[in-house]
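*Asks:*
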Amino acid sequence: MAIWLLLLVPAAAGLFCFLSRSSSLCRYILCMAAVFHFLLVTWLWTHHGKTIPSAWIGLDDVGLLFLSITSLLFLGSSVYTFGYLKAEAQGHRKDLEENIFFKNSHDSVFTGCLLLFLSTMTLVTVSRHLGLMWVAIEATTLSSAPLIYYHRHHRSLEAVWKYILICSIGIALAMLGNFFIVVAGSEIGDTGNLLSLGELTANASNLNPTWLKAAFVLCFVGYGTKMGLAPMHNWLPDAHSEAPSSVSALLSGALLNCAFLVLLRIHVVMIAAGLGQTSSQLFVLLGLISLVFAAVFIIGQKDFKRMLAYSSVEHMGIIALGIGIGGIGISGSIFHAINHSLVKGMLFMTAGNIMTAYQTKNIDSVRGLLYTRPITAMLWLAGSIAIIGSPPFGTFLSELTILGGMIDTHRYGVAAVYLLTLGIIFAALSAKVLPMIFLRPTGELGQENPLPGPEPAWSVAPLAVFGIFALILGVYMPPWLSKVLDEITRYVGGQ
Amino acid sequence: MKYIITTHLLFTLILCPVIPGIIQKVKAFFAGRKGKPVLQMYYDWGKLLRKGAVYSRTTTWIFKASPLISVATGIIGVMLVPLGKTPNLLSFPGDMILLVYLFGFARFATVLAALDTGSAFEGMGASREVQFSMLAEPAMLLGLCALSALSGETSMSTMFTSLQAGTRPVLAAAIFIVLLAENSRIPFDDPNTHLELTMIHEVMILDHSGPDLAFIEYGAALKFWIYASLTASLIVPPGFSGEWKSLGAGLIALILVVAAVGIVESVMARLKLTRVPQLLVGATILSLISLILIIR
Amino acid sequence: MNSIFNFLMILLILLNFRLLSSSRLIPCIHTFVMQAVILTLVAWLTHRHNLNIHLIILMSVNVILKAIALPWMLSRVAHKRAISRELDPIVGYTASLIIGALLLGISVLISQPLYLSHTAVENFFLPISLFTIFSGLFITIARKKAITQVLGYMVMENGIYTFGMAMAIHEPFIVELSVLLDIFVAVLIMGVAIFHISREFDHMDTDRLSVLRDL
Numbered sequence: 005m006a007i008w009l010l011l012l013v014p015a016a017a018g019l020f021c022f023l024s025r026s027s028s029l030c031r032y033i034l035c036m037a038a039v040f041h042f043l044l045v046t047w048l049w050t051h052h053g054k055t056i057p058s059a060w061i062g063l064d065d066v067g068l069l070f071l072s073i074t075s076l077l078f079l080g081s082s083v084y085t086f087g088y089l090k091a092e093a094q095g096h097r098k099d100l101e102e103n104i105f106f107k108n109s110h111d112s113v114f115t116g117c118l119l120l121f122l123s124t125m126t127l128v129t130v131s132r133h134l135g136l137m138w139v140a141i142e143a144t145t146l147s148s149a150p151l152i153y154y155h156r157h158h159r160s161l162e163a164v165w166k167y168i169l170i171c172s173i174g175i176a177l178a179m180l181g182n183f184f185i186v187v188a189g190s191e192i193g194d195t196g197n198l199l200s201l202g203e204l205t206a207n208a209s210n211l212n213p214t215w216l217k218a219a220f221v222l223c224f225v226g227y228g229t230k231m232g233l234a235p236m237h238n239w240l241p242d243a244h245s246e247a248p249s250s251v252s253a254l255l256s257g258a259l260l261n262c263a264f265l266v267l268l269r270i271h272v273v274m275i276a277a278g279l280g281q282t283s284s285q286l287f288v289l290l291g292l293i294s295l296v297f298a299a300v301f302i303i304g305q306k307d308f309k310r311m312l313a314y315s316s317v318e319h320m321g322i323i324a325l326g327i328g329i330g331g332i333g334i335s336g337s338i339f340h341a342i343n344h345s346l347v348k349g350m351l352f353m354t355a356g357n358i359m360t361a362y363q364t365k366n367i368d369s370v371r372g373l374l375y376t377r378p379i380t381a382m383l384w385l386a387g388s389i390a391i392i393g394s395p396p397f398g399t400f401l402s403e404l405t406i407l408g409g410m411i412d413t414h415r416y417g418v419a420a421v422y423l424l425t426l427g428i429i430f431a432a433l434s435a436k437v438l439p440m441i442f443l444r445p446t447g448e449l450g451q452e453n454p455l456p457g458p459e460p461a462w463s464v465a466p467l468a469v470f471g472i473f474a475l476i477l478g479v480y481m482p483p484w485l486s487k488v489l490d491e492i493t494r495y496v497g498g499q
Numbered sequence: 116m117k118y119i120i121t122t123h124l125l126f127t128l129i130l131c132p133v134i135p136g137i138i139q140k141v142k143a144f145f146a147g148r149k150g151k152p153v154l155q156m157y158y159d160w161g162k163l164l165r166k167g168a169v170y171s172r173t174t175t176w177i178f179k180a181s182p183l184i185s186v187a188t189g190i191i192g193v194m195l196v197p198l199g200k201t202p203n204l205l206s207f208p209g210d211m212i213l214l215v216y217l218f219g220f221a222r223f224a225t226v227l228a229a230l231d232t233g234s235a236f237e238g239m240g241a242s243r244e245v246q247f248s249m250l251a252e253p254a255m256l257l258g259l260c261a262l263s264a265l266s267g268e269t270s271m272s273t274m275f276t277s278l279q280a281g282t283r284p285v286l287a288a289a290i291f292i293v294l295l296a297e298n299s300r301i302p303f304d305d306p307n308t309h310l311e312l313t314m315i316h317e318v319m320i321l322d323h324s325g326p327d328l329a330f331i332e333y334g335a336a337l338k339f340w341i342y343a344s345l346t347a348s349l350i351v352p353p354g355f356s357g358e359w360k361s362l363g364a365g366l367i368a369l370i371l372v373v374a375a376v377g378i379v380e381s382v383m384a385r386l387k388l389t390r391v392p393q394l395l396v397g398a399t400i401l402s403l404i405s406l407i408l409i410i411r
Numbered sequence: 021m022n023s024i025f026n027f028l029m030i031l032l033i034l035l036n037f038r039l040l041s042s043s044r045l046i047p048c049i050h051t052f053v054m055q056a057v058i059l060t061l062v063a064w065l066t067h068r069h070n071l072n073i074h075l076i077i078l079m080s081v082n083v084i085l086k087a088i089a090l091p092w093m094l095s096r097v098a099h100k101r102a103i104s105r106e107l108d109p110i111v112g113y114t115a116s117l118i119i120g121a122l123l124l125g126i127s128v129l130i131s132q133p134l135y136l137s138h139t140a141v142e143n144f145f146l147p148i149s150l151f152t153i154f155s156g157l158f159i160t161i162a163r164k165k166a167i168t169q170v171l172g173y174m175v176m177e178n179g180i181y182t183f184g185m186a187m188a189i190h191e192p193f194i195v196e197l198s199v200l201l202d203i204f205v206a207v208l209i210m211g212v213a214i215f216h217i218s219r220e221f222d223h224m225d226t227d228r229l230s231v232l233r234d235l
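Chains as they are written, first to last, in the working numbering: chain A, 5 to 499; chain B, 116 to 411; chain C, 21 to 235.
Take a look at the structure:
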């Protein structure tokens with residue numbers, strides 16, 4: 005019952021927003037729906053023993069964890085969006101970089117799609133049937149596409165086109181993978197709902213291994229495209245940099261996690277069928293490739309939002325690596341997913357603040373952030389330290405756990421590449437971020453020189469909350485969280 | 116058995132000049148004319164054999180030998196190819212490769228004769244003809260390979276007797292396209308054009324006269340008969356049991372194929388020169404499809 | 021029975037080749053419609069002994085969507101923007117034909133180890149569906165115009181559906197219906213995006229959408 009409310013309330017609110025013409029009403033509906041969703045999710049934490057999983061929908065530990073991250077991120081992002089939409093003008097505006105005129109989407113479309121996006125992401129986390137998961141992931145692609153196209157100019161159009169086409173093709177391959185799984189189970193006889201997770205894990209040893217392996221490869225490529233693993237990550241920098249900041253935060257922090265969740269569930273099936281080696285190897289391979297790609301492309305970046313997008317690729321690579329390593333790496337991976345979502349959400353929204361202040365996305369043009377927007381500068385500094393994996397933030401602990409997993413399983417080569425790429429990213433990011441904050445603007449051409457300005461509460465409060473959470477997770481692991489992580493590790497790895 | 120083979124061979128040798136006549140009649144019917152008589156080529160033959168040949172001073176013995184070579188290869192080829200289930204005089208495993216190379220040899224002789232005259236137009240026509248044949252030969256070979264795989268035999272005479280139903284229409288289409296290409300029919304070449312710049316095959320034989328021209332035309336008719344009987348054998352339904360009945364059915368199918376060529380000539384226009392490779396690659400792929408599907 | 025399936029199989033392969041080698045847009049869309057109709061026919065023939073209301077609804081929705089609604093939408097976009105030909109593809113048309121033949125060989129090769137002890141029907145259609153998926157992917161990669169890329173995506177979905185229908189995969193009704201709905205909405209959104217692209221850029225060449233890049 006509660007789960008149905010979780011799904012239907014945002015969807016209904018979204019449809020209502022589509023139909024209404026008043027922008028302020030839409031904004032309020034957005035925030036109220038976000039608050040309702042978040043409260044319901046927190047209620048579920050204490051009461052979720054009552055929800056009985058059916059073949060289709062049910063909440064287990066992993067799902068609930070990812071659902072709460074999504075909900076929290078959405079709440080923060082909706083507060084930010086409230087102020088953002090209010091501040092954005094509705095008529096023709098001049099573009100920052102190329103001096104062209106463009107318009108924005110109408111607020112009702114934007115908020116409606118945001119709410120539908122929340123609803124579809126919730127569906128991904130609560131579904132227990134692979135077919136339903138497929139439908140939900142495709143629906144997230146479709147509902148987030150108009151969000152990226154908020155500023156209607158040619159760059160965002162290009163980003164939207166790449167996003168839709170690449171993700172849809174990837175997900176179509178994942179559907180073929182679903183079919184392959186059904187075929188793998190054709191020797192079992194009539195099981196009815198084979199793609200339901202319960203049935204799959206129960207019948208796992210009877211599945212045809214060749215078909216199952218082929219199915220996993222297809223699903224991995226398909227959902228890996230959505231997750232942002234290299235080399236299928238090409239849509240990610242464009243989409244995440246051209247979308248408005250709150251949408252980027254959601255895409256990076258929540259959507260990539262949802263795709264990862266689906267991959268995790270299929271990985272569990274593979275382990276139950278005895279083919280865990282294959283899937284782990286694939287995870288490790290693509291995780292390493294993602295790390296290398298991200299490291300290479302961050303070095304030359306000139307646009308700080310694209311830099312953050314490549315950092316998302318990097319962190320998704322780390323998460324995939326953790327799952328592939330297994331054992332304690334799984335717990336590190338899930339913890340890293342939590343930390344990354346919090347920090348990345350904060351970072352993207354901070355980037356939005358910087359863009360509003362400096363009217364540019366160019367790294368070299370932003371100087372002296374500490375003196376013009378001190379709170380934003382602090383948040384930007386904290387976020388960057390967190391995202392490169394420094395203590396005292398939670399990302400350090402999770403990356404260390406994954407490293408420990410690698411040492412435990414004697415995969416020293418993997419650990420070497422891991423550390424090397426992390427080091428490169430550490431250096432590159434610091435070299436870009438620190439001048440932005442501390443150096444005074446020199447008055448050269450191309451450097452903006454805004455005066456110290458106001459920092460409205462809506463633009464810093466959610467970010468500060470996320471930052472504090474990330475900091476807390478770095479120094480203190482709440483026991484309930486530790487218990488949940490152990491449960492998940494047992495569920496995935498069987499240890 | 117011997118009677119049927121002899122009859123088949125005699126029919127071939129005597130009846131093949133009827134083919135251009137049938138095509139002309141079909142085209143005339145589509146154009147609303149009465150057209151030339153069906154037996155026109157016999158009359159032309161008679162006229163040409165009585166005349167003397169005129170040889171240009173730039174030519175050598177190659178020019179004189181080429182018509183004889185094309186007739187000779189045509190006659191040998193005719194002795195190899197069956198019509199439907201009716202076998203032929205010569206048959207041994209792998210004779211289809213001999214067939215393709217006989218055509219290659221004949222083409223070689225014609226091209227040499229064309230170059231021998233030293234005329235620019237003939238050289239141009241020769242180069243175009245060779246280019247098209249280069250693309251058509253894989254189609255032909257693949258089609259014959261597919262045929263051999265479909266029937267499990269390697270000799271053409273026995274291939275059609277043990278032919279199973281399968282991808283016959285596709286193969287027939289592929290060999291039909293090769294037929295159009297090799298015999299210089301629309302959409303590859305217009306046999307009625309009188310502008311040397313647009314000729315491909317006609318221009319190569321432009322300088323021959325008298326008995327040489329008669330032999331060349333007879334050789335072309337034989338070549339047409341060979342391709343047409345291959346295509347006809349593919350479209351004959353496999354139900355005929357008696358020898359004479361299958362020969363009759365084969366002949367009727369042959370006439371249908373010839374009529375189809377006439378229809379294609381009347382209905383279509385010539386393809387742009389850059390489009391021709393695409394069509395020939397398409398024919399190759401049709402043969403490839405049937406080969407893949409059979410081997411699978 | 022076998023011969024009908026044989027015939028349909030060859031027709032499907034030929035339609036795929038036509039898609040690969042044709043430069044004109046409207047005939048490509050018509051080819052896609054023919055493919056969708058034949059695939060529904062195949063599904064009907066495979067299941068005609070155990071039809072129930074679910075399958076009938078699914079097949080009719082399939083036909084309506086893929087043979088009527090989506091092609092109509094795409095051809096409207098093509099007409100509105102007066103696009104008739106893809107003149108400058110990334111891979112030329114003759115080369116596309118040859119690559120198509122290679123893809124057919126590869127899909128036959130891949131189908132060998134994926135052998136199932138099912139009836140001959142399913143054995144026929146596994147390479148065909150893989151070939152359709154590959155040609156859809158190839159069309160998306162090798163063409164520049166956005167509308168051709170959407171067509172490639174739709175052909176890929178067609179191939180995946182062929183696989184499902186031929187392997188008699190019984191996913192639950194709701195899921196199948198929502199899958200179809202998802203595809204419909206996806207193509208709808210892509211159509212809107214194409215409209216915006218052509219209005220914004222005055223052309224439809226996604227090859228020229230290269231402002232956002234790192235290299």
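Just so it is clear, CB atoms sit at the ideal spot from N, CA and C, and this is done for glycine as well.
#1: Check whether chain C comes within 8 angstroms of Q499/A, counting only Cβ atoms and requiring the distance to be less than that.
#2: Give the range of the beta strand (DSSP E) segment to which K275/B is assigned.
#3: Is the stretch 361–373 of chain B close to the stretch 219–239 of chain B, with three or more CB pairs under 8 angstroms?
#4: From the DSSP output, in three-state form, read off S394/A for me.
#5: Considering only DSSP beta bridges, list what R156/A is partnered with.
#6: Report buried or exposed for K309/A, applying the criterion of at least 16 other Cβ atoms within 10 angstroms of its Cβ.
#7: Near I275/A, what residues of its chain come up, given a Cβ to Cβ distance below 8 angstroms and the 5 sequence neighbours on each side ignored?
#8: In chain C, which residues lie less than 8 angstroms from I400/B when you measure between Cβ atoms?
#9: Mind checking L154/B: buried by the 16 CB within 10 Å criterion, or exposed?
#10: Quick one, which of H157/A, R159/A, Y167/A has its alpha-carbon nearest S147/A's?
#11: Return the CA-CA distance between I334/A and V97/C, expressed in angstroms with no decimal places.
#12: For the stretch 347–365 of chain A, which residues have a CB atom closer than 7 angstroms to at least one CB atom of chain C, in sequence order?
#13: Any idea what DSSP makes of W290/B, helix, strand or coil?
#14: Work out the CA separation of V39/A and S3/A for me, nearest whole Å.
#15: So, is R31/A buried or exposed, given that buried needs 16 or more other C-beta atoms within 10 angstroms?
#16: If we ignore side chains and look at the alpha-carbon of each, how far apart do T121/B and L204/B end up?
#17: Under 8 angstroms Cβ to Cβ from I110/C, same chain only, skipping five residues before and after it: list those, please.
#18: Going along chain A in order, which residues have a C-beta closer than 7 angstroms to the C-beta of F221/C?
#19: Apart from the five residues just before and just after S72/A, which ones in its own chain have a Cβ nearer than 8 angstroms to its Cβ?
#20: In chain order, what residues of the same chain lie with their CB nearer than 8 angstroms to the CB of G135/A, ignoring the 5 residues before and after it?
#21: Comparing C-alpha positions only, which one of M481/A, W60/A, A234/A, L120/A sits nearest to N343/A?
#22: Near I46/C, what residues of its chain come up, given a Cβ to Cβ distance below 8 angstroms and the 5 sequence neighbours on each side ignored?
#23: Using a Cβ cut-off of 8 angstroms (strictly closer), state whether Y173/C contacts chain B.
#24: May I ask which residues mark the beginning and end of the alpha helix (DSSP H) holding W500/A?
#25: List the residues of chain C whose Cβ lies closer than 9 angstroms to the Cβ of Q393/B, in chain order.
#26: Keeping to the same chain, check which residues put their C-beta closer than 6 angstroms to that of K487/A; ignore five residues upstream and five downstream.
#27: Can you tell me which of I7/A, A37/A, A6/A, M5/A puts its alpha carbon nearest to the alpha carbon of L19/A?
#28: Tell me K5/C's beta-bridge partners as DSSP assigns them.
*Replies:* Once the coordinates are examined:
#1: With a pLDDT of 46 at Q499/A, under the threshold of 50, the modelled position of this residue cannot be trusted; read the value that follows with caution. No, Q499/A does not count as interfacial toward chain C.
#2: Checking the sequence, you will find Phe at residue 275/B rather than Lys. Where F275/B is concerned, there is no enclosing beta strand (DSSP E), given that its DSSP letter is neither H nor E.
#3: no
#4: coil
#5: DSSP lists K107/A as the beta-bridge partner residues of R156/A.
#6: Buried.
#7: S283, V496, G497, G498
#8: F37, L117, I118, G120, A121
#9: exposed
#10: Checking every option, the nearest Cα to that of S147/A belongs to Y167/A.
#11: 48 angstroms
#12: Those residues of the stretch 347–365 of chain A that come within reach of chain C (Cβ to Cβ, closer than 7 angstroms) do not exist; the list is empty.
#13: It should be pointed out that residue 290/B corresponds to Ile in this sequence rather than to Trp. DSSP places I290/B in helix when its eight states are reduced to three.
#14: Residue numbering for chain A in the displayed model covers 5 to 499; residue 3/A lies beyond these limits and cannot be assessed.
#15: buried
#16: 8 angstroms
#17: I161, A162, R163, K164, D227
#18: The answer, in chain order, is H158.
#19: V45, T46, W49
#20: N182, L199
#21: For the residues M481/A, W60/A, A234/A, L120/A, the minimum Cα distance to N343/A belongs to M481/A.
#22: Apart from sequence neighbours up to five positions away, the residues of its chain that approach I46/C with a beta-carbon distance below 8 angstroms are S95, A98, S104, ordered along the chain.
#23: With a threshold of 8 angstroms between beta carbons, Y173/C makes no contact with chain B.
#24: Outside the shown range of chain A, which is 5 to 499, sits residue 500/A, and nothing can be said about it.
#25: S41, Y113, T114, L117
#26: Shown here for K487/A: not one same chain residue has a beta carbon closer than 6 angstroms to its own, the five before and five after excluded.
#27: A37/A
#28: With chain C covering only 21 through 235, there is no way to say anything about residue 5/C.
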